[in-house]
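Enquirer: Chains as they are written, first to last, in our numbering: chain A, 28 to 244; chain B, 52 to 282.
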Amino acid sequence: MIPDLIVESLAPLLKSSVLTIHLTCLTLAIGACLALPLALGRLSRNRWIAGFCFVYVYYFRGTPLLVQIFLIYYGLPQIGLTFSAYVSALLSLSLNTAAYTAEIIRGGIQAVPAGEIESASAMGMKRRQVLYRIILPQMVGFALPAYGNEIILQIKATSLASTITLMDLTGMARTLAADTYAPLEIFSVAGVIYLVMVFSTSKCVTWMEKRWTVYRS
Amino acid sequence: MFDLKGYGNQIATGAWVTVEIFLASLALGLIFGLITALAKLSRRAGIRKAADLYSDLIRGLPELLTILLVYFGLPILIARLLSLFGIDFYLEVTPFAGGVAALGIYFGAYAGEIFRGAILSVPKGQIEAAHAFALPSFQVYRRVILPQAWRIALPGLGNMTLALMKNTALVSIIGLDELMRKTSMATAVTHQPFTFYFTASLIYLALTILTSIAMHFLEHRASRGVKEAQA
Numbered sequence: 028m029i030p031d032l033i034v035e036s037l038a039p040l041l042k043s044s045v046l047t048i049h050l051t052c053l054t055l056a057i058g059a060c061l062a063l064p065l066a067l068g069r070l071s072r073n074r075w076i077a078g079f080c081f082v083y084v085y086y087f088r089g090t091p092l093l094v095q096i097f098l099i100y101y102g103l104p105q106i107g108l109t110f111s112a113y114v115s116a117l118l119s120l121s122l123n124t125a126a127y128t129a130e131i132i133r134g135g136i137q138a139v140p141a142g143e144i145e146s147a148s149a150m151g152m153k154r155r156q157v158l159y160r161i162i163l164p165q166m167v168g169f170a171l172p173a174y175g176n177e178i179i180l181q182i183k184a185t186s187l188a189s190t191i192t193l194m195d196l197t198g199m200a201r202t203l204a205a206d207t208y209a210p211l212e213i214f215s216v217a218g219v220i221y222l223v224m225v226f227s228t229s230k231c232v233t234w235m236e237k238r239w240t241v242y243r244s
Numbered sequence: 052m053f054d055l056k057g058y059g060n061q062i063a064t065g066a067w068v069t070v071e072i073f074l075a076s077l078a079l080g081l082i083f084g085l086i087t088a089l090a091k092l093s094r095r096a097g098i099r100k101a102a103d104l105y106s107d108l109i110r111g112l113p114e115l116l117t118i119l120l121v122y123f124g125l126p127i128l129i130a131r132l133l134s135l136f137g138i139d140f141y142l143e144v145t146p147f148a149g150g151v152a153a154l155g156i157y158f159g160a161y162a163g164e165i166f167r168g169a170i171l172s173v174p175k176g177q178i179e180a181a182h183a184f185a186l187p188s189f190q191v192y193r194r195v196i197l198p199q200a201w202r203i204a205l206p207g208l209g210n211m212t213l214a215l216m217k218n219t220a221l222v223s224i225i226g227l228d229e230l231m232r233k234t235s236m237a238t239a240v241t242h243q244p245f246t247f248y249f250t251a252s253l254i255y256l257a258l259t260i261l262t263s264i265a266m267h268f269l270e271h272r273a274s275r276g277v278k279e280a281q282a
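1. Compare the C-beta of B:Thr250 against all C-beta atoms of chain A and say whether one is closer than 7 Å.
2. Taking the beta carbon of A:Arg72 as the centre, do at least 16 other beta carbons fall within 10 Å, making it buried, or is it exposed?
3. Under the rule that 16 or more other beta-carbon atoms within 10 Å means buried, what is A:Tyr221, buried or exposed?
4. Would you call A:Gln181 buried or exposed, if buried means 16 or more other Cβ atoms sit within 10 Å of its Cβ?
5. Can you grab the Cα-Cα spacing for the pair A:Ala129 / A:Leu163, in whole Å?
6. Determine the extent of the alpha helix (DSSP H) in which A:Pro164 is found, giving its start and end residues.
7. Report the rounded CA-to-CA distance for A:Ala56 versus A:Thr47, giving the unit in angstroms.
8. Where does A:Asn123 sit, in a helix, a strand or coil, going by DSSP?
9. Within 7 Å (strictly less), CB to CB, does A:Phe169 reach chain B?
10. If you draw a straight line from the C-alpha of B:Leu248 to the C-alpha of A:Gly68, how long is it?
11. Buried or exposed for A:Tyr100, going by 16 or more other Cβ atoms inside 10 Å?
12. Would you kindly work out how many angstroms separate the C-alpha atoms of A:Ser36 and B:Leu104, rounded to a whole number?
13. Which residues bound the alpha helix (DSSP H) around A:Gln95?
14. For A:Thr197 versus B:Leu116, is the C-beta distance shorter than 7 Å?
15. Against A:Thr190, what residues of chain B qualify as contacts under a CB-to-CB distance less than 7 Å, listed in chain order?
16. Span of the alpha helix (DSSP H) holding A:Ile106?
17. Our contact map puts B:Ala130 next to B:Tyr122 with C-beta atoms below 8 Å; I'd like the distance itself, whole angstroms only.
18. Between which two residues does the alpha helix (DSSP H) harbouring A:Tyr86 extend?
19. On the CB-based measure, 16 or more other CB atoms within 10 Å of its CB, does B:Pro206 come out buried or exposed?
20. Quick one, which residues of the segment 251-264 of chain B are near chain A if we go by CB-CB under 7 Å, in chain order?
21. For the pair the segment 190-197 of chain B and the segment 226-246 of chain B, tell me if three or more CB-CB distances fall below 8 Å.
22. Are three or more beta carbon pairs between the segment 72-82 of chain B and the segment 152-169 of chain A nearer than 8 Å?
23. With DSSP as the reference, label B:Gly159 as helix, strand or coil.
24. Could you have a look at B:Met266 and say whether DSSP puts it in helix, strand or coil?
25. Could you check where the alpha helix (DSSP H) with B:Ser235 kicks off and where it finishes?
26. How many angstroms separate the CA atom of B:Leu85 from the CA atom of B:Ile98?
27. Taking Cβ positions only, does B:Leu92 come closer than 7 Å to chain A?
28. Mapping the DSSP letters down to three states, classify B:Lys91 as helix, strand or coil.
29. Assign B:Pro174 to one of three DSSP states: helix, strand, or coil.
30. Give me the subset of the segment 136-161 of chain B whose CB atoms are less than 9 Å from a CB atom of chain A, sorted by chain position.
31. Please confirm if A:Val94 has its CB atom under 7 Å from at least one CB of chain B.
32. On the three-pair Cβ rule with 8 Å, is the segment 113-126 of chain A touching the segment 78-88 of chain A?
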């Protein structure tokens, strides 16, 4: 009876993990787009821009993701902004990862040796050229190990989408566990699927790190 | 905007439960972490493998799923194992105990890796010297290895401690009346979800700031008499 249950639950769980992967990829992409301006803003000489980016990063890193999701899904309608569960999950997960990614990028930028930036401007490069040709390409190399961790944390973070009724892997597992009264089996199968996703991602990240930093070896 | 409609007390009670669950799971997690680290450094391959399996498995799971697995699944697993020996027993787990166990197990998996690296960073010569002075193994750990490993482990532990503080919010999912759930209850009556969730988020922010101040204090204290590398 128990093996049957595992086999039967496998198909719906695998199907729902598509949403988990979808949420992970999409929110990481949106988050990265927001993170670069945030990181540059933190390093800005303008006090207002730097201050805003500082508060943003500290608020999103200092509060639980669950509160952020509830604030957007249940809270925003109070001030007249209503989003569907899917959009709310997308928004909160993106805004959250943007704050963490911004700090990773900032660390990567600050790891670029100051001498290289000085010599680039001494050669007559404009600030924009220094940014695109010297700072950003090296930043990627410095930031990749930390960003790899962030990708894995984001796979795990998407499980919170289940708290606002989305049927991602955790959401489906919770529904099946309630229907079958077999939480041990169902949650274990879901756990194994997460493990496969996390381990294959971390293998990919290690490979990418090697590719991007060939020049160092 | 911060008119809490008389729910201030409820939310304060919830915040206190959040602090309790945080401290309890931190203590449990540190113990699990230390045991895991010692097991990872054990001479017996079987013990090493078991510790690696624990930390690798748990670190690949979402926090929420770990909580669900421990709260709903673990009592069943224990009951099944006991029934193999003919014992009929079902462990009733309260949301508080389940939450503390799950968060402790989660924290321990990461802390084990952090402690392992920190213990390995203690120079081998010091350990040999301590043995040469005929200190018993336990004393070598207590007086030579752990005080120095603690200093190396603190920054990593600090990050995990902040994550733990935020993860306590997830225990509301299994029905513990902590800050998050008290807030949800208040919104159901007052119909002011934004006001209440925003207030809750500020309380969490204050708690994480306090935690990070405490961690800085501990780091400062642990590195008395150490000349740090200048960057």
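Note that CB positions come from ideal geometry on N, CA and C, so glycine has one too.
Expert: Considering the structure as presented:
1. The count along the second sequence starts at 1 and reaches residue 250 of chain B at position 199. B:Thr250 is outside the set of residues whose beta carbon lies under 7 Å from a beta carbon in chain A.
2. In the first sequence, counting from the first residue as 1, residue 72 of chain A sits at position 45. By the 10 Å Cβ count, A:Arg72 comes out exposed.
3. Residue 221 of chain A sits at position 194 when you count from the first residue of the first sequence. That one is buried.
4. Counting from 1 along the first sequence, the entry for residue 181 of chain A is found at position 154. Buried, by the Cβ-count rule.
5. Position 102 of the first sequence, counting from 1, holds the residue named residue 129 of chain A. Position 136 of the first sequence, counting from 1, holds the residue named residue 163 of chain A. When rounded, the distance between both Cα atoms is 13 Å.
6. Taking the first residue of the first sequence as 1, we reach residue 164 of chain A at position 137. Start and end: 163-184.
7. If you number the first sequence from 1, residue 56 of chain A lands on position 29. If you number the first sequence from 1, residue 47 of chain A lands on position 20. Cα to Cα, A:Ala56 sits roughly 14 Å from A:Thr47.
8. Here residue 123 of chain A refers to the residue found at position 96 of the first sequence. In the displayed model, A:Asn123 falls within a helix according to three-state DSSP.
9. In the first sequence, residue 169 of chain A corresponds to position 142, counting from 1. False, the Cβ-Cβ gap to chain B never drops below 7 Å.
10. As a working note, residue 248 of chain B is residue 197 in the second sequence. As a working note, residue 68 of chain A is residue 41 in the first sequence. First, the amino acid is wrong: residue 248 of chain B is Tyr here, not Leu. Cα-Cα distance, rounded: 28 Å.
11. Indexing the first sequence from 1 puts residue 100 of chain A at position 73. Buried, since its Cβ has 16 or more Cβ neighbours within 10 Å.
12. If you number the first sequence from 1, residue 36 of chain A lands on position 9. If you number the second sequence from 1, residue 104 of chain B lands on position 53. Rounded to whole angstroms, A:Ser36 to B:Leu104 spans 25 Å at the Cα level.
13. Residue mapping note: residue 95 of chain A aligns to position 68 of the first sequence, counting from 1. For A:Gln95, the uninterrupted alpha helix (DSSP H) run begins and ends at 92-97, by DSSP.
14. Along the first sequence, one-based indexing puts residue 197 of chain A at 170. Along the second sequence, one-based indexing puts residue 116 of chain B at 65. Against a cut-off of 7 Å, the Cβ pair of B:Leu116 and A:Thr197 comes out as a contact.
15. Indexing the first sequence from 1 puts residue 190 of chain A at position 163. Residues of chain B passing the Cβ test: Ile224.
16. The sequence position of residue 106 of chain A within the first sequence is 79, counting from 1. Unbroken run through A:Ile106: none, as it is neither H nor E.
17. Within the second sequence, numbered from 1, the residue matching residue 130 of chain B stands at position 79. Within the second sequence, numbered from 1, the residue matching residue 122 of chain B stands at position 71. Not a contact, Cβ separation roughly 14 Å.
18. The count along the first sequence starts at 1 and reaches residue 86 of chain A at position 59. Start and end: 74-89.
19. Residue numbering aside, residue 206 of chain B sits at position 155 when the second sequence is read from its first letter. By the neighbour-count definition (other C-beta atoms within 10 Å, threshold 16), B:Pro206 is an exposed residue.
20. Cβ contacts with chain A come from Ala251, Ser252, Tyr255, Leu256, Thr259, Ile260.
21. No, they do not touch.
22. No, the segment 72-82 of chain B is not in contact with the segment 152-169 of chain A.
23. One-based indexing of the second sequence puts residue 159 of chain B at position 108. In this structure, DSSP gives B:Gly159 a helical state, which the three-state scheme calls helix.
24. The residue given as residue 266 of chain B occupies position 215 in the second sequence. DSSP places B:Met266 in helix when its eight states are reduced to three.
25. As a first step, residue 235 of chain B must be located in the second sequence, where it is residue number 184. Start and end: 230-241.
26. Taking the second sequence and counting its residues from 1, one reaches residue 85 of chain B at position 34. Taking the second sequence and counting its residues from 1, one reaches residue 98 of chain B at position 47. Their Cα atoms are separated by approximately 14 Å.
27. Counting from one through the second sequence, the residue named residue 92 of chain B turns up at place 41. B:Leu92 is outside the set of residues whose beta carbon lies under 7 Å from a beta carbon in chain A.
28. Along the second sequence, read from residue 1 onward, the residue named residue 91 of chain B stands at position 40. The DSSP-derived three-state label of B:Lys91 is helix.
29. Counting from 1 along the second sequence, the entry for residue 174 of chain B is found at position 123. Looking at B:Pro174 - three-state DSSP - the assignment turns out to be coil, as it is neither helix nor strand.
30. In summary, no residue of the segment 136-161 of chain B has a CB separated from any CB of chain A by less than 9 Å.
31. Locating residue 94 of chain A in the first sequence gives position 67, counting from the first residue. Yes, A:Val94 lies at the interface with chain B (some Cβ there is under 7 Å from its Cβ).
32. They touch, by the three-pair rule.
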